[in-house]
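S.K.:
2 protein chains.
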Amino acid sequence: MQGIRVCGRQADRLNSRGFGRRTGKCILLSYEEALYLAEREMIDMPFEDVFREASRTRDFDVRFFVYRDLRSRGYVISVKDGHFHARKSYSMDFYPMSDLSPFDFDFFSAVEKPAAIAVVDGDGDVTYYMLSDADPRGERFERPAANNMIQAGNRVFILDDSVDFGTFGKNEGKFAHLSVYEARYLAPGIDIDVDEEIYEVYRDLRDRGLIVKSGFKYGTHFRVYERSIEEHSRYLVHVVPRREEMQRVSRAVRVAHGVRKELLLAKQVRGELRYLSISWIRP
Amino acid sequence: MQGIRVCGRQADRLNSRGFGRRTGKCILLSYEEALYLAEREMIDMPFEDVFREASRTRDFDVRFFVYRDLRSRGYVISVKDGHFHARKSYSMDFYPMSDLSPFDFDFFSAVEKPAAIAVVDGDGDVTYYMLSDADPRGERFERPAANNMIQAGNRVFILDDSVDFGTFGKNEGKFAHLSVYEARYLAPGIDIDVDEEIYEVYRDLRDRGLIVKSGFKYGTHFRVYERSIEEHSRYLVHVVPRREEMQRVSRAVRVAHGVRKELLLAKQVRGELRYLSISWIRP
Chain P
1 MQGIRVCGRQ ADRLNSRGFG RRTGKCILLS YEEALYLAER EMIDMPFEDV FREASRTRDF
61 DVRFFVYRDL RSRGYVISVK DGHFHARKSY SMDFYPMSDL SPFDFDFFSA VEKPAAIAVV
121 DGDGDVTYYM LSDADPRGER FERPAANNMI QAGNRVFILD DSVDFGTFGK NEGKFAHLSV
181 YEARYLAPGI DIDVDEEIYE VYRDLRDRGL IVKSGFKYGT HFRVYERSIE EHSRYLVHVV
241 PRREEMQRVS RAVRVAHGVR KELLLAKQVR GELRYLSISW IRP
Chain V
284 MQGIRVCGRQ ADRLNSRGFG RRTGKCILLS YEEALYLAER EMIDMPFEDV FREASRTRDF
344 DVRFFVYRDL RSRGYVISVK DGHFHARKSY SMDFYPMSDL SPFDFDFFSA VEKPAAIAVV
404 DGDGDVTYYM LSDADPRGER FERPAANNMI QAGNRVFILD DSVDFGTFGK NEGKFAHLSV
464 YEARYLAPGI DIDVDEEIYE VYRDLRDRGL IVKSGFKYGT HFRVYERSIE EHSRYLVHVV
524 PRREEMQRVS RAVRVAHGVR KELLLAKQVR GELRYLSISW IRP
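Protein chains in written order, with the working numbering: chain P, 1 to 283; chain V, 284 to 566.
So this is what it looks like as structure tokens:
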């Protein structure tokens, strides 16, 4: 680890307050720690000297802003390679990143939870998102038969006023209609062009007993109910590529937060469908 | 135009209620009109016959759903090639589209306003977005000089506690920092890697006297103030490619609606930067 070495009584004092990593009579301060302390004149080094050395290291700017912000919120922080382990009344790993970096689903599905990402924007402000692994389950296992379907555009029609597809599609009287995902689920043999990655998530959610409807109004793929569409939908589910623009994730979180729903990001990771719950927090 | 021909007294009656296009003693009903009328048994043709013929035409499903929805809201509709001209107490052009189709900025920046897009989602529900051309103007024309900048990550630092950049960046005491867009604007010669399309929008907004800050918390590129950052920001500005996923536009509109800001989509159209204001409406 790179950093700034401090020895003697100053080292003891700082170490007792949670700064640095001890090596004999000295401690090694990470650049985030050293800058934080230099800014507050808690070490005998000019801020500018520490800054010039630190600024050459990778991701320095976001690491410094997040470290500083978490310290100001009362956390004691152990500096790790790619993240901060922060303790207050509880402890959690915080992953600093830039708003211009992509959100790496596979990486975050594998990290130890509880974990949060700390995103530094162009103004230097930090926004925090809590991550947890999700395993959504519903109570509606149904798969009514569908026949005589006529595809037109991005949906399928059934010209039979007696059909009852339960929580699938909509019966409008003289006709009923299903989305392409619903049609494919109810008639797996049907020749419909659907996005396979998105369909796989639809199928999995339905297989879990959940009721799955369009999430378009919320700008996501699906809105999901646990028991009945008479209740409010609990989840918004969005299918993401491995590396999704963090800005788009932020937008989806903001929508979900505004309507008090839980946002689940969904993606295949090594052949297994994974759900990550992500929400806005003020740590 | 394709459609269903109806003649005689039935034609007169329907035409007086705003249906069909007259050709001598007959009228030609568009498929949307014919289906709407057949569904309500207002013409002597079985719904299924009209449906089978209509369903072979392009974009039939979204055109039918939007036509039907607007009629149910009391509009009288003239069916045009790519859109509906709808009249109630006012008149407006409605462009039907599927939630899976992209939003074509260049096309919509050129259409006559007032115009709205009518998006049909997988559930068959229609969501309406009003479009207007925007020409945002602010009152803060400033361009303070910036020197001795140190780039680190996605921002620029200035180690001088006396600098005052006005509405640009942030002075944190021992240092100040600017976003890459701000740095490029204040020191055009600086060698900073920025997304040129996004920077051009930043530059234009600043040249219009607007104060431009990060829109990351809202999942857009910029939040924009007219006079002072002490007030609430008026706009969210998002830079889009020519064909943006409609779902992403929907998500941005939803966020802006929730925080009562005006969403502006921005893009170069034939060398000129254009802004389209887009908002959620219930027509």
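Each residue gets a CB set at the ideal place from its N, CA and C atoms; glycine is no exception.
1) Tell me the rounded alpha-carbon separation between Gly405 (chain V) and Leu469 (chain V).
2) How many angstroms separate the CA atom of Asp362 (chain V) from the CA atom of Ser313 (chain V)?
3) Does Val126 (chain P) come out as helix, strand or coil in the three-state DSSP assignment?
4) Which residues, in order along the stretch 427-438 of chain V, keep a beta-carbon less than 7 Å from a beta-carbon of chain P?
5) Looking at the structure shown, is Leu205 (chain P) part of a helix, part of a strand, or coil, going by DSSP?
6) Given that Tyr181 (chain P) touches chain V, what residues does it touch there, using C-beta distances under 9 Å?
7) Sort V:Ala393, V:Leu559 and V:Glu455 by Cα distance to Ser445 (chain V) and report the nearest one.
8) What residues in the stretch 449-478 of chain V bring their beta carbon closer than 9 Å to a beta carbon of chain P?
9) Please confirm whether Phe60 (chain P) has its beta-carbon closer than 7 Å to some beta-carbon of chain V.
10) Buried or exposed: which applies to Phe424 (chain V), given that a residue is buried once 16 or more other Cβ atoms fall within 10 Å of its Cβ?
11) Which of the three DSSP states, helix, strand or coil, is assigned to Val538 (chain V)?
12) With DSSP as the reference, label Ser445 (chain V) as helix, strand or coil.
13) Taking C-beta pairs closer than 8 Å, name the residues in chain V that Tyr218 (chain P) reaches, listed in chain order.
14) Whole angstroms are fine: how far does the CA of Val180 (chain P) sit from the CA of Gly153 (chain P)?
15) Closer than 6 Å by C-beta to Ile4 (chain P): which residues in its own chain qualify, once you throw out the five before and the five after it? Chain order, please.
16) Put Ile360 (chain V) into one of helix, strand or coil per three-state DSSP.
17) Give the C-beta separation of Thr167 (chain P) and Ile211 (chain P) to the nearest angstrom, bearing in mind that I take them to be a contact with Cβ-Cβ under 8 Å.
18) Measuring alpha carbon to alpha carbon, tell me which residue in P:Gly18, P:Ser250, P:Glu48 and P:Ser98 is nearest His85 (chain P).
19) Buried or exposed, going by whether 16 or more other CB atoms sit within 10 Å of the CB of Phe220 (chain P)?
20) Between which two residues does the alpha helix (DSSP H) harbouring Val66 (chain P) extend?
21) Helix, strand or coil, according to DSSP, for Ile326 (chain V) in the structure here?
22) Just checking: is the beta-carbon of Thr23 (chain P) within a distance shorter than 7 Å of some beta-carbon in chain V?
23) With a threshold of 7 Å between beta carbons, is Lys213 (chain P) in contact with chain V?
24) Taking only the alpha-carbon atoms, compute the straight-line gap between Met92 (chain P) and Arg335 (chain V) and give it to the nearest angstrom.
25) Just how far apart, CA to CA, sit Arg223 (chain P) and Ser214 (chain P)?
26) Using CA coordinates, which residue listed in V:Ser372, V:Tyr373, V:Lys371 and V:Leu414 is at the minimum distance from Asp387 (chain V)?
27) By the three-class DSSP mapping on this structure, what secondary structure does Ile198 (chain P) have?
28) Helix, strand or coil, according to DSSP, for Glu244 (chain P) in the structure here?
29) Got a sec, what are the start and stop residues for the alpha helix (DSSP H) Glu182 (chain P) sits in?
30) Round the Cβ separation of Leu261 (chain V) and Glu483 (chain V) to the nearest angstrom and send it over; I've been treating them as touching at under 8 Å.
31) Kindly indicate if chain C contains any beta-carbon less than 7 Å away from that of Leu159 (chain P).
32) Tell me which residues share the same chain as Tyr218 (chain P) and place their Cβ nearer than 6 Å to its Cβ, disregarding the 5 neighbours each side in the sequence.
33) Just list the residues that DSSP pairs Tyr95 (chain P) with in beta bridges.
34) Distance, Cα to Cα, Tyr291 (chain P) vs Asp382 (chain V)?
35) Give the interface partners of Glu331 (chain V) over in chain P, defined as CB-CB distance under 9 Å, in chain order.
36) Please name the residue, chosen from V:Ser533, V:Ile326, V:Ile360 and V:Ala321, that lies closest to Cys290 (chain V) on a Cα-to-Cα basis.
M.R.: The answer reads as follows:
1) 47 Å
2) Looking at the sequence shown, residue 362 (chain V) is not Asp but Val. Each residue's Cα considered, the two are about 7 Å apart.
3) strand
4) Ile433, Ala435, Gly436, Asn437 and Arg438
5) helix
6) Gly405
7) V:Glu455
8) Gly452, Lys453, Glu455, Gly456, Lys457, Phe458, His460, Leu461, Ser462, Val463, Tyr464, Glu465 and Asp478
9) yes
10) exposed
11) helix
12) coil
13) Ser533, Arg534 and Arg537
14) 9 Å
15) Leu29 and Ala34
16) strand
17) 5 Å
18) P:Gly18
19) Per the sequence presented here, residue 220 (chain P) reads as Thr, with Phe not at that position. By the neighbour-count rule (16 or more Cβ atoms within 10 Å), Thr220 (chain P) is buried.
20) Phe60 to Ser72
21) coil
22) no
23) yes
24) 60 Å
25) 6 Å
26) V:Leu414
27) helix
28) strand
29) Val180 to Leu186
30) As displayed, chain V neither begins before 284 nor continues past 566, which places residue 261 (chain V) out of reach and without an answer.
31) The structure shown has no chain C; the protein chains it does contain are P and V.
32) Leu236 and Val255
33) P:Ile117
34) A question about residue 291 (chain P) goes unanswered here, because the residues of chain P that appear run from 1 up to 283.
35) Leu159, Lys174 and Phe175
36) V:Ile326
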